[in-house]
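Visitor:
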Amino acid sequence: MEAVILAIELIGTFAFAVSGATAAVKARLDIFGTIVLGATTAVGGGVMRDVLLGITPPVMFIKPIYVLIAFITSLAVFLLEYFHAATRPMRSVLYIRVINYFDAVGLSVFIISGCNSAISVGYFDNAFLVLFLGTLTGIGGGMLRDILICKIPNVLRKKVYAIAALAGAAVYYIMLYIGSDEIASMICGMAVVFLLRMFAFHFEWDLPRIPEDDKSV
Amino acid sequence: MEAVILAIELIGTFAFAVSGATAAVKARLDIFGTIVLGATTAVGGGVMRDVLLGITPPVMFIKPIYVLIAFITSLAVFLLEYFHAATRPMRSVLYIRVINYFDAVGLSVFIISGCNSAISVGYFDNAFLVLFLGTLTGIGGGMLRDILICKIPNVLRKKVYAIAALAGAAVYYIMLYIGSDEIASMICGMAVVFLLRMFAFHFEWDLPRIPEDDKSV
Amino acid sequence: MEAVILAIELIGTFAFAVSGATAAVKARLDIFGTIVLGATTAVGGGVMRDVLLGITPPVMFIKPIYVLIAFITSLAVFLLEYFHAATRPMRSVLYIRVINYFDAVGLSVFIISGCNSAISVGYFDNAFLVLFLGTLTGIGGGMLRDILICKIPNVLRKKVYAIAALAGAAVYYIMLYIGSDEIASMICGMAVVFLLRMFAFHFEWDLPRIPEDDKSV
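Residue numbers (our numbering), protein chains in the order written: chain A, 9 to 225; chain B, 9 to 225; chain C, 9 to 225.
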């Protein structure tokens, strides 16, 4: 089971690093900036969670495998884009779709592992804290990515992203709370995040917001 | 006394959440983003203070009433703006003035409670730390709000805001230091913040800065 | 030796504060904002390092000399710019060059002191953590400066800055690791940072990035 979780976490790290490095290349960061942005996207949520929980130094320093994966991934994205003849196929619909699946897998697993961090330091009774930190672990890296390239964080504006995260965290927590099997709870929580993200992506779900062209606001 | 402080803190939370949610709607965040920005504005300063003091998890997780108030307030702001016929009256001068009063009340009380947090973990002898963290508690949430919507923080540019905060913190600290009654010190500190803000608002006080049209800089 | 380190750290604090305050004036912050930005640039990297290491409150509160130097420096920059007749000479090539030397000195010494902080709380065996936090101490303040004025952090885009920082940290760490004299290690680490920065500045070295006018990305 541990190996499965680790494998999925590494897939998530990979997907998050791709998203960060791709955004970095678009913002014309250099090779160093691309690696920093990829790694920040991948591990930033976990670092914020650890700081808020008082876990110092954060887990990223103790288990450098995540940063290493993010580093290699971001470097590869940069090099592919830099020698750009090779990258045009990467802009295909298939590529975007695959990355999106990976991102949904990563989001699912980071949310569960975020909840588990909060629970493992003794806050199982504080549902608000567990759900908040689980969600932050999933979405925090992407928020930092956007802030660093001076964009309003996507998660505050687009699609059903944070809500999917929160819903999955809630399902996981409630199942644990009523005494379900831990593995079953994990699978259900992750499935909720993954499916909500997939539905939101395919059906282009958006949360309500005031249209850009409504000038009265 | 405690009940009075709590009541004023809740008014401040409400006012800060209104300011965050209003900014969110203007930046076209969705309903989730609006709630996040409202809550961040309301509790962000306190979270930064707690992290710097090593109080983990931050108070917002232990006393969720503040986040709850911010959540409800932000949701209400979003819904009023979304069904916008109802909101035009809210853009009136009266509305802006009332929110501004509330904001000044909130700033006053958060500064005092920020100073108290620093004092309560044993740093009364470090005046710099107490004043810094008191001020940060008051202005930090608004800074995060502006960063998240990609604006230069207002407090760095406009009006006598941070200086009012700092002055109130200083009055409170000095009065405690010379042995004044705690409640009297609180009232004086809060009054200084509130009055400076009101004067700055009514007389349009600004701190010196180099004019936009001075191109030689 | 301690006195030498302190003197160099104060020169670095001065240079970083000048860079922050100059950016603040250009972004039309007011006098308060200029001081905040100067101080943030000077001590922000150290604060992030301390929070990640669990050193609370951060060193800036315990040794306020750094903030004091940053405060005075930023105030002086603002006043010189405000009464701007006096400042035109400051825009000379000489001025920029001198500040750049100072900045390189500051970067050198902050990186070594960042590594030392990590080592002194017991993480000598974790090379990744030491190098990461050493580099962050050097570049973190400048990143915060840019984020606060809504610019993409320069260090992610321009010149050989972070790489110089990382290289110096690595030299210092490796020399300590193989048992070199501490002072010799410091001098070598600092020299690497300083020289790389000087070369990058004079020869306009840049890391690879995708050109602005390549619209295919």
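For each residue, glycine too, the CB sits at the ideal point set by N, CA and C.
Comparing alpha-carbon positions, which option in C:M198, C:S27 and C:H210 lies nearest D111 (chain C)?
Guide: Closest option to D111 (chain C), Cα to Cα, is C:S27.
Visitor: Would you mind giving the Cβ-Cβ distance between V113 (chain A) and F202 (chain A), rounded to the nearest angstrom? I have them listed as a contact below 8 Å.
Guide: With 8 Å as the limit, V113 (chain A) and F202 (chain A) qualify as a contact, their Cβ atoms being about 7 Å apart.
Visitor: Give me whichever residues DSSP pairs with R36 (chain C) in a beta bridge.
Guide: Paired residues: none, contrary to the question.
Visitor: Extract the residue ranges of the beta strand (DSSP E) inside the stretch 129 to 177 of chain C, only unbroken runs of 3 or more that lie entirely within it.
Guide: Here no run is fully enclosed.
Visitor: Run down chain A in chain order and give the residues with a C-beta less than 7 Å from the C-beta of F91 (chain B).
Guide: Chain A residues near F91 (chain B): none, gap ~10 Å exceeds 7 Å.
Visitor: With 8 Å set as the bound, which would you pick, yes or no: does the beta-carbon of I160 (chain B) sit closer than that to a beta-carbon of chain A?
Guide: With 8 Å as the cut-off, I160 (chain B) does not count as an interface residue toward chain A.
Visitor: Using DSSP with H/G/I as helix, E/B as strand and the rest coil, what is I217 (chain B)?
Guide: The question names Ile, yet the displayed sequence has Arg at residue 217 (chain B). Note: R217 (chain B) maps to coil in three-state DSSP.
Visitor: Pairing CB atoms from the stretch 162 to 171 of chain C with CB atoms from the stretch 47 to 54 of chain C, are three or more of them under 8 Å?
Guide: No: fewer than three Cβ pairs fall under 8 Å.
Visitor: Is the shortest distance between the beta-carbon of A35 (chain B) and the beta-carbons of chain A less than 8 Å?
Guide: True, the Cβ-Cβ gap to chain A drops below 8 Å.
Visitor: Can you give me the C-alpha to C-alpha distance between I121 (chain A) and P66 (chain C), rounded to a whole angstrom?
Guide: Position check: residue 121 (chain A) holds Ser in this sequence, whereas Ile was assumed. S121 (chain A) and P66 (chain C): Cα-Cα distance of roughly 29 Å.
Visitor: Which word fits E17 (chain A), buried or exposed, when buried means at least 16 other C-beta atoms lie within 10 angstroms of its C-beta?
Guide: Label assigned to E17 (chain A): buried.
Visitor: For L144 (chain A), which option in A:I13, A:L14, A:S128 and A:M56 has the closest C-alpha, if you only look at C-alpha atoms?
Guide: Of the listed residues, the one whose Cα sits closest to L144 (chain A) is A:M56.
Visitor: Just tell me which of B:L76, B:Y109 and B:I157 has its CA closest to the CA of A208 (chain B).
Guide: Taking only the C-alpha atoms, the option nearest A208 (chain B) is B:Y109.
Visitor: State the start and end residues of the unbroken alpha helix (DSSP H) segment that holds G197 (chain C).
Guide: Start and end: E190 to F211.
Visitor: If you draw a straight line from the alpha carbon of Y103 (chain B) to that of C158 (chain C), how long is it in whole angstroms?
Guide: Roughly 30 Å separates the two Cα atoms.
Visitor: Between the stretch 176 to 188 of chain B and the stretch 69 to 87 of chain B, do three or more beta carbon pairs fall short of 8 Å?
Guide: Contact between the stretch 176 to 188 of chain B and the stretch 69 to 87 of chain B is absent, because fewer than three Cβ pairs lie under 8 Å.
Visitor: Measure from the alpha carbon of L156 (chain B) to the alpha carbon of each residue in B:D58, B:T42 and B:M206, then state which is nearest.
Guide: Among B:D58, B:T42 and B:M206, the Cα nearest to that of L156 (chain B) is on B:T42.
Visitor: I need the straight-line Cα distance from V106 (chain A) to T21 (chain A), nearest angstrom please.
Guide: So the alpha carbons of these two residues sit roughly 14 Å apart.
Visitor: For F69 (chain A), report the span of its alpha helix (DSSP H) as first-last.
Guide: It spans V67 to I70 - the alpha helix (DSSP H) in which F69 (chain A) sits, taken as one unbroken run.
Visitor: So is R57 (chain C) in contact with chain A if we call contact Cβ pairs under 8 Å?
Guide: No, R57 (chain C) lies away from the interface with chain A (no Cβ there is under 8 Å from its Cβ).
Visitor: Would you list, in chain order, the members of the stretch 38 to 49 of chain A that have their beta-carbon closer than 9 Å to a beta-carbon of chain C?
Guide: Under the 9 Å Cβ criterion, the stretch 38 to 49 of chain A contributes D38, I39, F40, G41, T42, V44 and L45.
Visitor: Tell me whether G46 (chain A) sits in a helix, a strand or coil according to DSSP, three-state version.
Guide: Note: G46 (chain A) maps to helix in three-state DSSP.
Visitor: Report the CB separation of L115 (chain A) from A126 (chain A) in whole angstroms; it is logged as a contact under 8 Å.
Guide: Their Cβ separation, rounded to whole angstroms, is 17 Å, which puts L115 (chain A) and A126 (chain A) out of contact at 8 Å.
Visitor: Out of curiosity, what's the CA-to-CA distance linking V200 (chain A) and I119 (chain A)?
Guide: C-alpha separation (whole angstroms): 11 Å.
Visitor: Determine the burial state of G142 (chain C): buried for a count of at least 16 other Cβ atoms within 10 Å of its Cβ, exposed for fewer.
Guide: Under this definition G142 (chain C) is a buried residue.
Visitor: For I73 (chain B), which residues in chain A fall below 9 Å Cβ to Cβ?
Guide: Correct list: empty, because the minimum Cβ distance to chain A is about 11 Å.
Visitor: Please state whether DSSP places T30 (chain B) in a helix, a strand or coil.
Guide: Helix at T30 (chain B).
Visitor: Skipping 5 residues on each side, what residues in its chain have a beta carbon closer than 6 Å to that of L184 (chain B)?
Guide: The answer, listed in chain order, is S193.
Visitor: Which chain C residues are close to I157 (chain A), counting only those with a beta carbon under 7 Å from its beta carbon?
Guide: What I157 (chain A) touches in chain C: I160.
Visitor: Going by DSSP, what residue range makes up the alpha helix (DSSP H) through I5 (chain A)?
Guide: Since the displayed chain A opens at 9 and closes at 225, residue 5 (chain A) lies outside it and no answer follows.
Visitor: Which two residues bound the contiguous alpha helix (DSSP H) that contains I73 (chain B)?
Guide: I73 to Y90 is the span of the alpha helix (DSSP H), which, as asked, contains I73 (chain B).
Visitor: So for G62 (chain B), helix, strand or coil by DSSP?
Guide: Coil, per DSSP.
Visitor: Thinking just about the alpha-carbon of each residue, which of A:V168, A:E190 and A:T48 is nearest to the one in E212 (chain A)?
Guide: For E212 (chain A), the nearest C-alpha among the options comes from A:V168.
Visitor: Residues of chain C with CB closer than 9 Å to the CB of P216 (chain A), please, in chain order.
Guide: Those within 9 Å of P216 (chain A) in chain C number zero; the least Cβ separation is about 27 Å.
Visitor: Along the stretch 162 to 173 of chain A, where does the CB come closer than 7 Å to a CB of chain B? Name the residues.
Guide: The stretch 162 to 173 of chain A vs chain B, Cβ under 7 Å: L164, R165, A170 and I171.
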